[in-house]
Amino acid sequence: MNNTYIPEEIRVERIIRETDDTWTFFFDRPVNNEAGQFLEVSIPGYGEAPISINSHSSERLRLCIRAVGNLTRAMHRKKVGDTIGIRGPFGNGWPLESSKGKNLLIVTGGIGLAPLRPAIKEIVMNRKDYGDVVLLYGARNPELILHKEELSEWRKYMKVLVTVDYCEKYTPDICPAWKGDVGVVTGLFDKCGMDTEGVALVCGPPIMMKFAAKELLSRGFEPGNVHMSLERHMKCGMGMCGHCQVGGHYACMDGPVFSIEELLSWPERPEETEGIQ
Amino acid sequence: MPQEMGKSQESSSAGNSVFSSRLMDESAIHRLIDLLSRERTVYVPQGNSFKVWDGSFSPGERKVLFGPKKIFFGQKQKVFSFDSDGNVKDALEHTMSAVFGLRACDLNGILMMDRYLGENGEPFYLSARENTVIIGMTCEEADDGCFCTQFGGVFPNKGGYDLWLTHTGDSFVVDVGSEEGKRLMDALEVPYAGEDDIAAKKKEIEWVEGSIDWEPLPEDEIINAMLNGISNPLWDDLTERCLACGKCNMVCPTCHCYDITDEVGLDGKGERIRVWDACHLFRYGMVAGGHNFRGERRARVQYRVYDKFYYPYERYGVFACTGCGRCLEACNANIDLRDILTRICQGGST
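Chains as they are written, first to last, in the working numbering: chain F, 12 to 288; chain G, 23 to 372.
This is how it looks when you write it as structure tokens:
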């Protein structure tokens with residue numbers, strides 16, 4: 012019988028500062044993951060936290076981590092050459108296989124882009140398997156835009172629209188550096204030419220997912236075609252500790268990706284679906 | 023040890039195990055505990071909880087407030103230790119144990135834990151489960167809050183034990199539920215029970231169950247009521263009354279939530295701990311950054327009841343309640359699951 016709480020060691024090879032509080036860590040080997048899965052990251056003395064995998068399985072492991080809790084702050088003190096512990100991967104991942112041949116709309120906000128990066132990589136690597144692809148990404152301000160270089164790269168393969176929520180000094184007339192849209196990500200819906208018969212993948216803060224979900228359904232998306240990755244504090248990752256349970260389902264094991272159709276069938280409605288009929 | 027995880031053992035007939043029943047007196051019980059204690063740590067009910075047998079023991083008449091959950095699922099379990107360089111040392115050890123004197127509600131709780139923890143491979147639980155002999159007893163008296171007749175009654179007809187004792191007059195009729203149970207009985211040369219003894223056992227079970235003041239509700243009625251009951255005004259009332267203290271979680275034989283946390287000394291050495299947690303507590307649904315997915319007390323009150331009477335039924339086809347009444351006994355607000363079930367089954371806007 013294995014003690015499944017014991018993490019495997021993995022070494023930090025490179026660190027990129029995406030923003031002041033969000034860094035991407037590159038490790039010395041790949042993990043065999045699906046796009047949308049997560050790991051439990053462990054640093055003895057600081058505990059564990061569930062972190063989405065930022066890399067495609069063909070790449071060495073990447074984790075894009077914002078320093079908001081104990082573990083993630085401890086993570087930001089790690090240097091190249093240090094080791095951390097990982098358990099996983101856990102969870103189900105994005106429904107990329109069943110979305111083949113369809114048009115895709117990807118809606119992300121803030122660090123929600125991180126768990127979608129491996130899905131975007133997968134689409135880019137197998138571009139002919141998918142129809143039209145639109146990526147909508149909202150950040151709070153231009154300085155907080157993640158994966159900036161790759162966003163430009165991805166424009167070759169899909170329509171990419173980026174907006175920033177709000178920040179006066181960045182509006183185009185005051186700060187010429189930002190010439191893009193200003194406003195919440197749902198504000199891009201009118202501009203992107205979406206196909207409501209297609210599949211939508213949504214990941215971001217709960218409030219963003221709530222508004223995105225409502226808006227997508229009101230525009231005619233089928234609840235079964237809108238998939239959201241639920242953020243919860245998965246403590247064990249193995250469907251036991253209970254912390255990620257919502258509506259009787261374990262986000263760590265049955266999710267974290269669920270269709271709105273599934274979410275609406277639960278007696279306890281997840282916060283992300285509030286306001287839908 | 024008594025059976026394969028999560029699967030109930032078929033009995034040859036209701037109330038009888040596949041092995042022949044035996045008959046013990048109280049002195050034989052003491053010999054049995056003595057025999058077990060040579061190879062195992064033996065837990066017996068003492069006061070309000072299970073404690074390591076210290077030579078004295080008298081079989082009680084009813085359940086104790088703190089059941090045997092902690093023997094299989096330690097309240098605070100070290101999962102590994104680490105040094106100041108972060109080198110990890112596995113803490114998984116296999117200890118031979120026996121638990122004596124648990125009740126049908128306790129055993130039902132263990133069978134539910136087999137699903138929650140066993141099926142997902144919780145290593146400490148599986149180790150305890152595989153290395154623990156289970157010897158249960160039929161309650162001789164029901165507590166005020168007992169309603170186990172809703173979930174199978176005072177005798178475990180579906181098995182899951184090594185030995186099960188029912189007090190009849192001066193003797194204990196012993197149902198033998200496993201090879202290990204049989205081995206223990208053979209080692210002590212315990213005589214077989216006669217037809218009369220078995221009849222007396224059944225009569226005793228019927229008598230105790232008859233004393234429980236609860237008319238079982240049909241399962242599908244509960245499920246339908248739960249499915250349609252999310253807006254029942256009952257939840258407003260419970261939200262007002264519940265103190266969100268988590269005591270019901272602690273005493274519940276099927277509550278299995280836990281936290282994983284590190285305890286570190288000033289020297290940098292420490293332990294990773296798996297510790298009981300409670301879905302009623304405010305910070306249970308909180309994520310890093312402070313967002314709380316169940317910050318509303320109503321959501322927490324509702325969740326625990328749904329996680330007993332609806333969600334486990336969807337996932338496993340059973341209720342995660344054993345009718346032990348411990349949550350009522352522990353509750354400072356006198357919240358009674360029987361009352362909740364009755365009101366939710368009445369439905370609508372009362």
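Quick reminder that beta carbons are idealized off the backbone N, C-alpha and C, glycines included.
query: Limits of the alpha helix (DSSP H) - the one that F/Met4 falls within; result: Not covered by the structure: residue 4 of chain F. The range shown for chain F is 12 to 288.
query: Terminal residues of the alpha helix (DSSP H) in which F/Ile131 lies; result: 124 to 136
query: F/Gly120 burial status per 10 Å Cβ neighbour count (16 or more: buried); result: buried
query: Any C-beta of chain F under 9 Å from that of G/Pro145; result: yes
query: Amino acids of chain G, ordered along the chain, whose beta-carbon sits closer than 8 Å to that of F/Ile17; result: Val101, Phe102, Val110, Asp112
query: Backbone CA spacing between G/Gly89 and G/Gly347 [nearest angstrom]; result: 12 Å
query: Helix, strand or coil at G/Thr171 [DSSP, three-state]; result: helix
query: Cβ contact check for the region 141 to 161 of chain G and the region 115 to 125 of chain G: 3 or more pairs under 8 Å; result: yes
query: Where F/Gly149 falls: helix, strand or coil (DSSP); result: strand
query: For G/Thr283, the three-state DSSP class (helix, strand or coil); result: strand
query: Pair within 9 Å by beta-carbon distance, F/Leu74 and F/Phe101; result: no
query: Collapsed DSSP secondary structure at G/Val340 in the structure displayed; result: coil
query: Beta-carbon contacts of G/Thr372 that lie in its chain and below 6 Å, excluding the five residues immediately before and after; result: In this prediction, G/Thr372 scores a pLDDT of 41, lower than 50, which makes its location untrustworthy; no coordinate-derived value is stated.
query: 9 Å Cβ cutoff met for F/Leu72 and F/Val42; result: yes
query: Same chain, Cβ closer than 7 Å to F/Leu124, five either side skipped, listed in chain order; result: Tyr148, Leu157, His158
query: Beta-carbon contacts of F/Leu274 that lie in its chain and below 6 Å, excluding the five residues immediately before and after; result: Pro281, Thr284
query: Complete alpha helix (DSSP H) runs within the region 96 to 146 of chain G (minimum length 4 residues, chain order); result: 126 to 135
query: Straight-line Cα distance separating G/Trp236 from F/Ile117; result: 54 Å
query: Chain G within 9 Å of F/Asn103, Cβ atoms only; result: no
query: Same chain, Cβ closer than 8 Å to G/Tyr332, five either side skipped, listed in chain order; result: Ile245, Met248, Leu249
query: Cutoff 6 Å; reference G/Thr117; Cβ partners in own chain excluding five residues on either side; result: none
query: Chain F contacts made by the region 288 to 315 of chain G, where a contact means CB separation under 8 Å; result: Gly290, Gly292, Arg294, Arg296, Asp299, Cys301, Tyr306, Gly307, Met308, Val309, Ala310, Gly311, His313, Phe315
query: F/Ala78 beta carbon near the ligand MG (any heavy atom closer than 8 Å); result: The ligand MG is not among the ligands present in this structure, which contains no ligands whatsoever.
query: Span separating the alpha-carbon of G/Cys170 from that of G/Glu226; result: 16 Å
query: CB contact check: G/Gln25 to chain F, cutoff 9 Å; result: With a pLDDT of 47 at G/Gln25, under the threshold of 50, the modelled position of this residue cannot be trusted, and the question is left open.
query: Inter-stretch contact (C-beta, 8 Å, three-pair minimum) for the region 271 to 278 of chain G and the region 339 to 358 of chain G; result: yes
query: Counted within 10 angstroms of its Cβ, other Cβ atoms place F/Asp265 as buried (16 or more) or exposed; result: buried
query: Chain G within 9 Å of F/Asn43, Cβ atoms only; result: no
query: Residue nearest to F/Val210 in terms of C-alpha spacing, selected from F/Glu24, F/Glu108, F/Gly58; result: F/Glu108
query: G/Asn142: contacting residues in chain F (beta-carbon distance under 7 Å); result: Met249, Gly250, Met251
query: Runs of beta strand (DSSP E) wholly within the region 49 to 131 of chain F (minimum 3 residues, chain order); result: 49 to 54, 58 to 63, 73 to 77, 94 to 101, 115 to 120
query: Option in F/Phe49, F/Glu19, F/Arg84 with minimal Cα separation from F/Thr33; result: F/Arg84
query: Contact with chain F by G/Met272, beta-carbon distance below 9 Å; result: no
query: Cβ pair count under 8 Å reaching 3, the region 87 to 103 of chain F against the region 316 to 328 of chain G; result: no
query: Alpha-carbon spacing of G/Ala215 relative to G/Val195, whole angstroms; result: 7 Å
query: Touch test, the region 289 to 298 of chain G against the region 97 to 114 of chain G, Cβ-Cβ under 8 Å, three pairs minimum; result: yes
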